[in-house]
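**Student:**
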Amino acid sequence: MKELKILGVVAAFTLLLYWGVEPFAHGQMHKHVEGHGFVYDGTADIEGATSAEKKEAKKAFWGEVNEIAKLEGNAAAGEAGFAMCMGCHMDGAAAMGGVVPPSLDHAGALYDKKYLIALIKDPAMAMNTDHKFADTMMHPMGPVMTMFMDNQSIADVVAYLKEKKAAEPTTKEAFTEACGRCHAMRYAKMTQLGDTPEFKYEKDALAHQIKVLEAQDGVKGYMGKLPPDLSIIIRARSAHFLETFVENPQTQLAGTSMPRVGLNKEGYEKVEAYLTEIGDPSKPKREELGPYVLLFFVVFSFLAFLWKKYQWRDLH
Amino acid sequence: MAKFDENARPFSEKWLDERLGVVTLKKVLSTEYWIPKDINFLWAMGMVLAATFGLLLISGIFLLMYYKPDSALAFDSVNYTIMTEVGYGWLWRHIHGVGASVVFLIIYIHMFTGIYYGSYKKGREMIWISGMLLFVVFSAEAFSGYMLPWGQMSYWAGMVITNLFSGGSLEAYGLVEWIRGDYVPGDAFLTRFFMLHVLLLPLVIIGLIVLHFGTLRLPHVNNQKGEEIDFEEAAELYKAGKKKESKVIPFNPVFLSKDVFVMGVYFILFFYLVFYHFDFAMDPVNFDPADGLKTPPHIYPEWYFLWSYEILRPFPKDPGLIAFAIAQVIFFLLPFLDRSPNVAPASKRGLFNVWFWLMLADVLVLTVMGKLPPEGVWNQIGLVSALLFFALWVALPFITKAEKKL
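Residue numbers (the working numbering), protein chains in the order written: chain A, 206 to 521; chain B, 120 to 525.
Following this line, the structure appears as structure tokens:
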């Protein structure tokens, strides 16, 4: 039928146009970064090293991390080591080098085992932000390198985290622990200091605001600029970008001071779920309402077709 | 003084007719507004456009209730208040965003349908010109609306487009500042574009839509073969019940029944996009708040402006601006540059057929190139396509002049 042929031509040009300005153009604009499934073994770091010297250092570092991962960790022995962590990672902790050390309540559930080993071994190397430090000891968490001198003690404390600090976090806890010390979330009334309380008096609200500003100045000092608010980052970046960026920020934004936080797959899914809850709250409503609206127009078109048939019945 | 029937019931048809002439009005505008029978679904694009405009208007009114035209509040009023706190605010916003993009797809289909069937000639020039005016004002409406969420793309597109008014080497920065109300896009810029978007331009659009409908009434709608129909004779045949022999149908209900069916199918696609595939119309970059200190790595207009953007880009500054300015108005001249007496589908018009498909393909290529980063081979393809665009317009009077009369 002639009309279908015309429709075919219109549809073909429209699809070609769509393909050209969307998938094709965006494929050309953004370099493709391969994800690695939230597994941390240093491959990407070694590949991305900026000099031969760095490459060797990273090879050696991750080689050792892989060795420690093979050791049998003793959680009971790790508990004593963990007490040292609590010196900084406690409730109401003070900022270290600008950033408040995160709660480790769900560290075993959120973070990858090898990453945790790497982090205790050398935080700057694990976070892939060693380019920011002439000596990785200068990292705010650098002192940990003097606390766990032998590999077995690292394996023990990681075993402790994986066993005793592995309760399943809520999506909000996952976000707060992994991202919330640097990134605010104003659509959820969260700042770098956590949830914003309700204040009865404006004076108290303003005093809190000043505290927030001071905390932000600290983060700014450490990071170079204030990390962006993540309220609707879920709509501002593609799912693939966010995933690969969180896995290894350097691959998407070379030289960034954003540390890798070492989330495992489940941990990232929690964080992503929270970003979606806050940044794209209509998603479940869209999915619920969509089929009904489409069904309505399918029925509408069918009835309209019958009406058209009826009106045109004796025209030809 | 006209006669009024004292016994007519108030608001009955007779009563209304004596006061408003509704019977005549109904005939003129609907039941005896004759449309050729030999048409395809492309003839429904006008009604599809009217319906889409209606959706934009209604969704716009709902959005307007919560939007805050203030550079400090605009972003969150859209992305938080409307998307999170207002019941179904997200639905109105998605309808508005997708509608703004899809309306241009339909406009382009509508335009190229007109070009293909020669529906701008022999008494139909004003239809074409009023339609082109609508296109231009719709473009301004789309651009001003794009400023309102005050995201990164709003800000930087506003910066780039208003910069064009410096006129290249004329360096008319005073004019640019006057348009912006500031040295850079800021609060004054946002509020004036808000005014344009929600008041002045919609008023102009509504006026132009009325004019566009009006221009159709005397020359009548074209048909698939470009056949000249004696509408009065054909209408008599139809009214006498000889519907098979008559070449026309009344707008209401016969033509309308087909329009409504096409609209239904269109709305299936439209709402599929609204619910499941809206990113193409709501650029993720614009979900980052405007930041005058952070230029996005790629600044590109929405897809419907890309072809003319690409005509600007491959040339040096001044010739580029001139080419861009010509590209904006050249389609207005189509009825006068086409010198052929034939009103017929392009497939019957020899070289013009080649011209049509080349033009369509060229605009498509320009559109894609307009989005790609200006690097390497894309530059050359862009330049060649831009040159071809002008070559086609220069060739048009010659090839149509040489066209044989059908």
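For each residue, glycine too, the CB sits at the ideal point set by N, CA and C.
#1: Going along chain B, which residues have a C-beta under 9 Å from Lys-207 of chain A?
#2: Are the segment 262–280 of chain B and the segment 392–406 of chain B in contact at 8 Å, needing three or more beta carbon pairs?
#3: Please confirm if Phe-390 of chain B has its CB atom under 8 Å from at least one CB of chain A.
#4: Tell me, please, which residues DSSP counts as bridged to Ile-368 of chain B.
#5: According to a CB-to-CB cut-off of less than 9 Å, which residues of the segment 396–430 of chain A neighbour chain B?
#6: Could you check if Asn-271 of chain A belongs to the surroundings of the ligand PLP, using beta carbon to heavy atom distance under 7 Å?
#7: Quick one: is His-215 of chain B near chain A, going by C-beta distance under 8 Å?
#8: Verify whether the separation of the beta carbon atoms of Glu-452 of chain A and Gly-232 of chain A is less than 8 Å.
#9: Does Phe-386 of chain B have its Cβ less than 8 Å from a Cβ in chain A?
#10: Can you tell which of B:Ile-225, B:Leu-192, B:Met-184 and B:Ala-191 has the C-alpha that lies nearest to the C-alpha of Tyr-207 of chain B?
#11: Please determine if the segment 329–346 of chain A and the segment 355–373 of chain A are in contact, where contact requires at least 3 C-beta pairs separated by less than 8 Å.
#12: Can you tell me where the alpha helix (DSSP H) with Pro-523 of chain B in it begins and where it stops?
#13: Which bits of chain A does Asn-498 of chain B rub up against, with CB to CB less than 7 Å?
#14: CB Leu-499 of chain A to CB Ile-201 of chain B, shorter than 8 Å?
#15: Rounded to whole angstroms, what is the Cα-Cα separation between Tyr-236 of chain B and Glu-208 of chain A?
#16: Anything in the segment 256–267 of chain A with a Cβ closer than 8 Å to a Cβ of chain B? List those residues in chain order, please.
#17: Show which residues of chain A have a CB atom less than 7 Å away from the CB atom of Thr-203 of chain B.
#18: Can the beta-carbon of Lys-436 of chain B be found less than 8 Å from the beta-carbon of Ser-288 of chain B?
#19: What residues in its chain sit with their C-beta under 7 Å from that of Phe-231 of chain B, if we drop five residues either side in the sequence?
#20: Below 8 Å, how does it come out for the segment 344–353 of chain B and the segment 151–166 of chain B: are there three or more Cβ pairs, yes or no?
#21: Could you check whether the Cβ of Arg-491 of chain A sits closer than 8 Å to any Cβ belonging to chain B?
#22: For Ala-410 of chain A, report the span of its alpha helix (DSSP H) as first-last.
#23: DSSP state of Leu-508 of chain A, grouped into three classes?
#24: What residues from chain A crowd round Tyr-199 of chain B, counting only those whose CB sits closer than 9 Å?
#25: Does the Cβ of Ala-444 of chain A have 16 or more other Cβ atoms within 10 Å, making it buried, or fewer, making it exposed?
#26: Would you mind working out which of B:Trp-474, B:Phe-450 and B:Glu-494 sits nearest Ser-427 of chain B, comparing C-alpha positions?
#27: Indicate the three-state DSSP secondary structure (helix, strand or coil) for Leu-468 of chain A in the structure shown.
#28: List the endpoints of the continuous alpha helix (DSSP H) containing Trp-474 of chain B.
#29: Whole angstroms is fine: what's the gap from Ile-437 of chain A's alpha carbon to Pro-415 of chain B's?
#30: Determine, using beta-carbon pairs with one atom in the segment 484–492 of chain B and one in the segment 218–238 of chain A, whether at least three such pairs fall under 8 Å.
#31: Going by CA-CA distance only, name the one from B:Asp-481, B:Ala-510, B:Val-482 and B:Leu-456 that's closest to Ala-521 of chain B.
#32: Cutting at 7 Å between CB atoms, please list the residues of its own chain near Asp-327 of chain A, excluding the five before and the five after it.
#33: Of the residues B:Lys-362, B:Trp-476 and B:Arg-458, which one's Cα is nearest the Cα of Pro-516 of chain B?
#34: Going along the chain, which residues of the segment 223–238 of chain A sit with their C-beta nearer than 9 Å to a C-beta in chain B?
#35: Check whether the segment 316–336 of chain A and the segment 464–472 of chain A touch, using three or more Cβ-Cβ pairs below 8 Å as the test.
#36: Return the residue from the list B:His-417, B:Ala-465 and B:Ala-446 that minimises the CA-CA distance to Phe-508 of chain B.
**Tutor:** A quick look at the data gives this:
#1: Within the first sequence, the letter at position 2 stands for residue 207 of chain A. Those within 9 Å of Lys-207 of chain A in chain B are Asn-159 and Gln-343.
#2: The segment 262–280 of chain B makes contact with the segment 392–406 of chain B, as at least three CB pairs between them are under 8 Å.
#3: Taking the second sequence and counting its residues from 1, the one referred to as residue 390 of chain B is at position 271. By this cut-off, Phe-390 of chain B is an interface position.
#4: For this step, residue 368 of chain B is matched to residue 249 along the second sequence. BP columns for Ile-368 of chain B point to B:Ile-154.
#5: none
#6: Absence of the ligand PLP is noted for the structure shown, with no ligands found whatsoever.
#7: Taking the first residue of the second sequence as 1, we reach residue 215 of chain B at position 96. No - not a single Cβ of chain A is within 8 Å of the one on His-215 of chain B.
#8: Stepping through the first sequence from its first residue, residue 452 of chain A is reached at position 247. Stepping through the first sequence from its first residue, residue 232 of chain A is reached at position 27. Contact: no.
#9: For the purposes of this step, residue 386 of chain B is identified with residue 267 of the second sequence, where counting begins at 1. Yes, because at least one Cβ of chain A sits closer than 8 Å to the Cβ of Phe-386 of chain B.
#10: Here the question's residue 207 of chain B lines up with position 88 in the second sequence. When each option's Cα is compared against that of Tyr-207 of chain B, the closest is B:Met-184.
#11: no
#12: Counting from 1 along the second sequence, the entry for residue 523 of chain B is found at position 404. Checking the displayed sequence, the identity of residue 523 of chain B turns out to be Lys instead of Pro. For Lys-523 of chain B, no alpha helix (DSSP H) encloses it, and the DSSP letter there is neither H nor E.
#13: Taking the second sequence and counting its residues from 1, one reaches residue 498 of chain B at position 379. Simply none; closest approach about 13 Å.
#14: Against the first sequence, residue 499 of chain A aligns to sequence position 294. Against the second sequence, residue 201 of chain B aligns to sequence position 82. No, Cβ-Cβ distance for Leu-499 of chain A and Ile-201 of chain B is not below 8 Å.
#15: Position 117 of the second sequence, counting from 1, holds the residue named residue 236 of chain B. Position 3 of the first sequence, counting from 1, holds the residue named residue 208 of chain A. Their Cα atoms are separated by approximately 15 Å.
#16: If the cut-off is 8 Å between Cβ atoms, the segment 256–267 of chain A has nothing near chain B.
#17: The residue labelled residue 203 of chain B in the question sits at position 84 within the second sequence. Tyr-392 and Pro-486, listed in chain order.
#18: To locate residue 436 of chain B, count along the second sequence from 1; it is residue 317. To locate residue 288 of chain B, count along the second sequence from 1; it is residue 169. Yes, these two residues count as a Cβ contact at 8 Å.
#19: In the second sequence, counting from the first residue as 1, residue 231 of chain B sits at position 112. Leu-479.
#20: Here the segment 344–353 of chain B makes contact with the segment 151–166 of chain B; the two share three or more CB pairs at distances below 8 Å.
#21: For the purposes of this step, residue 491 of chain A is identified with residue 286 of the first sequence, where counting begins at 1. True, the Cβ-Cβ gap to chain B drops below 8 Å.
#22: Position 205 of the first sequence, counting from 1, holds the residue named residue 410 of chain A. Note, Ala-410 of chain A: alpha helix (DSSP H), 407–428.
#23: In the first sequence, the residue the question calls residue 508 of chain A occupies position 303. Here Leu-508 of chain A sits in helix by DSSP.
#24: For the purposes of this step, residue 199 of chain B is identified with residue 80 of the second sequence, where counting begins at 1. Going along chain A in sequence order, the residues near Tyr-199 of chain B (Cβ under 9 Å) are Arg-391, Tyr-392, Ser-436 and Ile-437.
#25: Translated into the one-based positions of the first sequence, residue 444 of chain A becomes position 239. By the neighbour-count rule (16 or more Cβ atoms within 10 Å), Ala-444 of chain A is not buried but exposed.
#26: For the purposes of this step, residue 427 of chain B is taken as the residue at position 308 of the second sequence. Nearest option by C-alpha distance: B:Phe-450.
#27: By 1-based counting over the first sequence, the position of residue 468 of chain A is 263. DSSP, reduced to helix, strand and coil, places Leu-468 of chain A within a strand of the structure shown.
#28: Numbered from its first residue, the second sequence carries residue 474 of chain B at position 355. Here the alpha helix (DSSP H) through Trp-474 of chain B covers 470–490.
#29: Along the first sequence, read from residue 1 onward, the residue named residue 437 of chain A stands at position 232. Along the second sequence, read from residue 1 onward, the residue named residue 415 of chain B stands at position 296. Going from the Cα of Ile-437 of chain A to the Cα of Pro-415 of chain B covers about 17 Å.
#30: yes
#31: By 1-based counting over the second sequence, the position of residue 521 of chain B is 402. In terms of Cα proximity to Ala-521 of chain B, the closest of B:Asp-481, B:Ala-510, B:Val-482 and B:Leu-456 is B:Leu-456.
#32: Your numbering for residue 327 of chain A matches position 122 in the first sequence. Here the set comprises Phe-266, Thr-341 and Met-350.
#33: For the purposes of this step, residue 516 of chain B is taken as the residue at position 397 of the second sequence. Closest by alpha carbon: B:Arg-458.
#34: Tyr-223, Trp-224, Gly-225, Val-226, Glu-227, Phe-229, Ala-230, His-231, Gln-233, Met-234 and His-235
#35: yes
#36: As a working mapping, residue 508 of chain B is identified with position 389 in the second sequence. Put simply, of B:His-417, B:Ala-465 and B:Ala-446 the residue whose alpha carbon is nearest the alpha carbon of Phe-508 of chain B is B:Ala-446.
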